[in-house]
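J.: Starting off with a structure, shown below.
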Amino acid sequence: MKIHTFDTPKETARAVTHQLLKQLDTVRKDAFNLAISGGHTSELLFHLWAEIYPQSLPWQRVHLYWVDERCVPLTDGDSNYGLAKRTFLNHVKIPHDQIHRILGEANPDHEAQRYSDLVKKNLPDNDGFPQFDLLILGIGTDGHTSSIFPGQKDLLNYPTPYAVSAHPETHQYRIALTGQPMIRASMTLFHVVGAEKAEILTNVVDPSPAADQYPAGYVTRNADNVAYFIDKAAAKYLK
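Numbered per the working numbering, the sequence shown spans residues 5 to 243.
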């Protein structure tokens, strides 16, 4: 595990983008399979892509997937796809047929199966699971990632790439990338900013098995190639 720390959220987002460019340069095939998350941290990244990188990134190579999606209509403010569309997809030239959204408005069980079948068909195999070229994850203050929350350990060893999860408090259904594809990506990148993430960050990067109680900790300890891109505020308690 590598931890890269930057002064500000914007500098952190820029560094994540530079890593994306490095991965694009490393992967010498036409299709680059990128999975993105939702949330405020991702929104910072998306705005940067739209403002600074609409032309300089080789978007025509990118096949875009989602780590997770809330089971809401496309027009709902909670839609992860809706966030990406508003903030950067309307401003960059990714071919329409290379944008593979999770259908949050569909039946959750059917959509989890459809999306699982899609990524298994489109992505290379790594020990029985699809392998993304770059997976950009976030972390919640409770240690969740990809809509897998503490207490949902079965989703970390689930047999299909995507599954239905539920928020433990609101009970809102979500479609979530499960644990095994997360740890088998060519690169698993955690993008974490803000002082509110500082305490949980110390727990999820703990190298001991205690970290496994947090989904983000399990992924960190087990991923083939994992890196953290964080700002100084999030790094406050790290030694």
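From the three backbone atoms N, C-alpha and C, an ideal C-beta is built for every residue, glycine too. Only a predicted model underlies this, so the values are computations on that prediction, with no experimental measurement involved.
CA-CA distance, Asp138 and Ala39?
T.: The residue labelled residue 138 in the question sits at position 134 within the sequence shown. The residue labelled residue 39 in the question sits at position 35 within the sequence shown. The sequence shown places Leu at residue 138, not Asp. Those two C-alpha atoms are separated by around 7 Å.
J.: Would you kindly work out how many angstroms separate the C-alpha atoms of Asp121 and Lys243, rounded to a whole number?
T.: Counting from one through the sequence shown, the residue named residue 121 turns up at place 117. Counting from one through the sequence shown, the residue named residue 243 turns up at place 239. Approximately 42 Å, taken between the alpha carbons.
J.: Comparing C-alpha positions only, which one of Phe50, Gly147, Pro58 sits nearest to Val96?
T.: Taking the sequence shown and counting its residues from 1, one reaches residue 96 at position 92. Considering only alpha carbons, the answer is Pro58.
J.: So what does DSSP say about Ser60, is it helix, strand or coil?
T.: As a working mapping, residue 60 is identified with position 56 in the sequence shown. Three-state result, Ser60: coil.
J.: Between which two residues does the alpha helix (DSSP H) harbouring Arg225 extend?
T.: Taking the first residue of the sequence shown as 1, we reach residue 225 at position 221. From DSSP, the alpha helix (DSSP H) with Arg225 extends over 219-226.
J.: Per DSSP, which residues does Val196 bridge with? Please list them.
T.: The residue labelled residue 196 in the question sits at position 192 within the sequence shown. Paired residue(s): Ile234.
J.: What number of angstroms, rounded off, separates the C-alpha of Phe10 from the C-alpha of Leu48?
T.: For the purposes of this step, residue 10 is taken as residue 6 along the sequence shown, with counting starting at 1. For the purposes of this step, residue 48 is taken as residue 44 along the sequence shown, with counting starting at 1. About 15 Å.
J.: When you compare each of Leu205, Asn229, Lys26, Pro211 to Thr145 by their alpha carbons, which one comes out closest?
T.: Sequence index remark: in the sequence shown, residue 145 carries index 141 (1-based). With distances taken between Cα atoms, Thr145 lies closest to Leu205.
J.: So what does DSSP say about Ala127, is it helix, strand or coil?
T.: As a position in the sequence shown, residue 127 is number 123, starting the count at 1. The amino acid at residue 127 is misidentified as Ala; the sequence shows Leu. Residue state, collapsed to three classes: coil.
J.: In the segment 83-166, which residue ranges form an unbroken beta strand (DSSP E) of at least 3 residues, counting only runs that do not cross its ends?
T.: Counting whole runs of 3 or more residues, the segment 83-166 contains the beta strand (DSSP E) stretches 138-141.
J.: Would you report the Cα separation of Tyr85 and Tyr119, rounded to the nearest angstrom?
T.: Reading the sequence shown from its first residue, position 81 is the one you call residue 85. Reading the sequence shown from its first residue, position 115 is the one you call residue 119. If you take the alpha carbons of Tyr85 and Tyr119, they lie about 14 Å apart.
J.: Does DSSP put Ala180 in a helix, in a strand, or in coil?
T.: As a working note, residue 180 is residue 176 in the sequence shown. In this structure, Ala180 counts as strand in the three-state DSSP scheme.
J.: Would you identify the three-state DSSP class for Asn229, choosing helix, strand or coil?
T.: Taking the first residue of the sequence shown as position 1, residue 229 is located at position 225. Of the three classes helix, strand and coil, the one that applies to Asn229 here is coil, per DSSP.
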